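A.B. asks:
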Amino acid sequence: MQTNLLSKPTNDKSSHMSDKINHPQLCQWLQSVAQNRDQQAFTHLFKFFAPKILRIARGKFPNEAQANEVVQDTMSNVWRKAHLFNQDKGAVTTWVYTVMRNITFDMLRKIQGNKEDNLSDDIWPIAESMSTESDAFDDHLENKALLSVIDKLPQSQQDVVKGFYLREMSQEQLAKHLNLPLGTVKSRLRLALGKLKVQLGEKYD
Amino acid sequence: MKQLTTKQTSIELPIFPLPVFLLPEGVTKLRIFEPRYLKMVSVASSGQGFVIWLNDNSIKADVNDGTMLWGSWVEIINFDQGDDGVLEIDVKCKSLVVINSVMKSRDSFNVAKVSDITHWSQKHADNVSSELATSLEHVFAENDNLNELYPKKSLGDSHWVLARWLEILPIELNVKSGFVVNYNFQEAKRFVESVIFD
Numbered sequence: 001m002q003t004n005l006l007s008k009p010t011n012d013k014s015s016h017m018s019d020k021i022n023h024p025q026l027c028q029w030l031q032s033v034a035q036n037r038d039q040q041a042f043t044h045l046f047k048f049f050a051p052k053i054l055r056i057a058r059g060k061f062p063n064e065a066q067a068n069e070v071v072q073d074t075m076s077n078v079w080r081k082a083h084l085f086n087q088d089k090g091a092v093t094t095w096v097y098t099v100m101r102n103i104t105f106d107m108l109r110k111i112q113g114n115k116e117d118n119l120s121d122d123i124w125p126i127a128e129s130m131s132t133e134s135d136a137f138d139d140h141l142e143n144k145a146l147l148s149v150i151d152k153l154p155q156s157q158q159d160v161v162k163g164f165y166l167r168e169m170s171q172e173q174l175a176k177h178l179n180l181p182l183g184t185v186k187s188r189l190r191l192a193l194g195k196l197k198v199q200l201g202e203k204y205d
Numbered sequence: 001m002k003q004l005t006t007k008q009t010s011i012e013l014p015i016f017p018l019p020v021f022l023l024p025e026g027v028t029k030l031r032i033f034e035p036r037y038l039k040m041v042s043v044a045s046s047g048q049g050f051v052i053w054l055n056d057n058s059i060k061a062d063v064n065d066g067t068m069l070w071g072s073w074v075e076i077i078n079f080d081q082g083d084d085g086v087l088e089i090d091v092k093c094k095s096l097v098v099i100n101s102v103m104k105s106r107d108s109f110n111v112a113k114v115s116d117i118t119h120w121s122q123k124h125a126d127n128v129s130s131e132l133a134t135s136l137e138h139v140f141a142e143n144d145n146l147n148e149l150y151p152k153k154s155l156g157d158s159h160w161v162l163a164r165w166l167e168i169l170p171i172e173l174n175v176k177s178g179f180v181v182n183y184n185f186q187e188a189k190r191f192v193e194s195v196i197f198d
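Chains as they are written, first to last, in our numbering: chain A, 1 to 205; chain B, 1 to 198.
#1: Along chain A, which residues have their Cβ under 7 Å away from the Cβ of B/E34?
#2: Identify, in the order they occur along the chain, each residue of the same chain with its Cβ nearer than 6 Å to the Cβ of B/S108, setting aside the five sequence neighbours on each side.
#3: Should B/E12 be flagged as near chain A, meaning a C-beta pair shorter than 8 Å?
#4: For A/R109, count neighbouring C-beta atoms within 10 Å of its own C-beta (all shown protein chains included) and say buried if the count is 16 or more, exposed if not.
#5: Can a CB atom of chain B be found closer than 8 Å to the CB of A/N36?
#6: Can you pull out the residues from the region 73-100 of chain A whose beta carbon lies closer than 9 Å to at least one beta carbon of chain B?
#7: Taking all protein chains shown into account, decide if A/S187 is buried (16 or more other Cβ within 10 angstroms of its Cβ) or exposed.
#8: How many whole angstroms separate the CB atoms of B/L132 and B/E193, which I take to be in contact at a CB cut-off of 8 Å?
#9: One question on the structure: do A/V33 and A/W95 come within less than 8 Å of each other, judged by their Cβ atoms?
#10: Inspect the CB distances between the region 66-76 of chain A and the region 42-50 of chain B and report whether three or more fall short of 8 Å.
#11: Give, in chain order, every unbroken run of the beta strand (DSSP E) that is at least 3 residues long and sits entirely within the region 94-142 of chain B.
#12: Skipping 5 residues on each side, what residues in its chain have a beta carbon closer than 6 Å to that of B/N78?
#13: So the candidates are B/I99, B/K29 and B/I168; which of them puts its Cα closest to the Cα of B/V51?
#14: DSSP three-state call for B/P14: helix, strand or coil?
#15: Run through the region 15-45 of chain A for me and flag every whole beta strand (DSSP E) of 3 or more residues, listed as ranges in chain order.
#16: Measuring alpha carbon to alpha carbon, tell me which of B/L162, B/F16 and B/G71 ends up nearest B/Q186.
#17: With B/L96 and B/V20 assumed to form a contact (beta carbons below 8 Å), what rounded beta-carbon distance in angstroms separates them?
#18: Considering Cα atoms alone, identify which of A/H44, A/V71, A/F46 and A/F42 is closest to A/I56.
#19: Can a CB atom of chain A be found closer than 8 Å to the CB of B/S115?
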């Protein structure tokens, strides 16, 4: 099964699970992710695929963390590339496992290349360069799979996602909480920030 | 820096750069999957915790005057495993620290020499009820994720209430950083009130 998926990912018929899988449902979720950036649908996909991917990845990587990385990277790509899925060309399962296979190959290649060199500076930047590498660390926040793609979402969706996942309210949530129009909340924030800047100026002038 | 009193003790702790603003008593959930940070967590959990160094592009852009490097010294208060098998930890900030120097550890994560600093948010204020507290209570009630992180809420403590507001308000991290580096309790309070109450 594991080798099958990795070596012949396009051969959907070889999957023992195929008769139990609700393919139309998977397809609908993936399309909803592609078209509406639907987080709920993505969550369903995640719940369906993550354990399966993890099981397969464990067979390829002795290290649990690397297996988890395969899950994260695969699902992150599923979220990001959902629009590239073409229903006419195959099942969702085939597509996701292909994404996974590519991730796995990339990782295996990287490990081969890094065998003796795991601690080198280009992987782990030291203090001076840390601040330029912040992107690399964002993904430890809750629900990492989504975070890496947040920046590519339109602002309104970013706010929703950040508000939910980053333990910080979005402006929309704040507006709802205060029972005020969004515009009012935005201008209040702007004003309050402006006042802060003035105070800071007075302190150091 | 002007608002802060540095205590003399210097201590070595693992350091984890993250775009997370956390004041003393603040709690957040992290997902850990990279080998080096899994190692860090095991070191931190048997030791004295680790430091979250607030790290964000907006802050980088704002560094112009040898800005103080500060971080949140956290303890791991809960371990869990997500549906996907990834380690999830809840961490609670016990104090803020100044980062004096950073060096590489043998385990590939970094270790920093830090000194803890006093900040208004860790001094308990007298029991007072305020509109800010009431409003915050509603935020908790409406947000399960947040609510679960704080089984005990010190809603009568005006410092605790203000610190939680600063953590959850939708403002840039470099501004939030200012509430550690530049602004005192009164200024922070005025700021939050002007957003919440007009």
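Quick reminder that beta carbons are idealized off the backbone N, C-alpha and C, glycines included.
All values derive from a computational prediction rather than experimental measurement.
C.D. replies: Short version:
#1: Here residue 34 of chain B refers to the residue found at position 34 of the second sequence. A65, listed in chain order.
#2: Residue numbering aside, residue 108 of chain B sits at position 108 when the second sequence is read from its first letter. Correct list, in chain order: R36.
#3: Locating residue 12 of chain B in the second sequence gives position 12, where the first residue counts as 1. B/E12 does not count as touching chain A.
#4: To locate residue 109 of chain A, count along the first sequence from 1; it is residue 109. The residue in question, A/R109, is exposed, as its Cβ has fewer than 16 Cβ neighbours within 10 Å.
#5: Counting from 1 along the first sequence, the entry for residue 36 of chain A is found at position 36. Chain B, which has no Cβ nearer than 8 Å to the Cβ of A/N36, makes this no.
#6: M75
#7: Position 187 of the first sequence, counting from 1, holds the residue named residue 187 of chain A. A/S187 comes out exposed.
#8: By 1-based counting over the second sequence, the position of residue 132 of chain B is 132. By 1-based counting over the second sequence, the position of residue 193 of chain B is 193. Their Cβ separation, rounded to whole angstroms, is 7 Å, which keeps B/L132 and B/E193 in contact under 8 Å.
#9: Numbered from 1 along the first sequence, position 33 holds the residue referred to as residue 33 of chain A. Numbered from 1 along the first sequence, position 95 holds the residue referred to as residue 95 of chain A. The answer is no: Cβ separation not under 8 Å.
#10: no
#11: 110-118
#12: The residue labelled residue 78 of chain B in the question sits at position 78 within the second sequence. So the qualifying residues of the chain are D90.
#13: Residue numbering aside, residue 51 of chain B sits at position 51 when the second sequence is read from its first letter. Answer by Cα proximity: B/I99.
#14: Looking up residue 14 of chain B in the second sequence gives position 14. It is a strand residue.
#15: none
#16: Taking the second sequence and counting its residues from 1, the one referred to as residue 186 of chain B is at position 186. Answer by Cα proximity: B/L162.
#17: Working through the second sequence from its first residue, we reach residue 96 of chain B at position 96. Working through the second sequence from its first residue, we reach residue 20 of chain B at position 20. Contact flag wrong, Cβ pair sits at about 13 Å.
#18: Residue mapping note: residue 56 of chain A aligns to position 56 of the first sequence, counting from 1. With distances taken between Cα atoms, A/I56 lies closest to A/V71.
#19: Stepping through the second sequence from its first residue, residue 115 of chain B is reached at position 115. With 8 Å as the cut-off, B/S115 does not count as an interface residue toward chain A.
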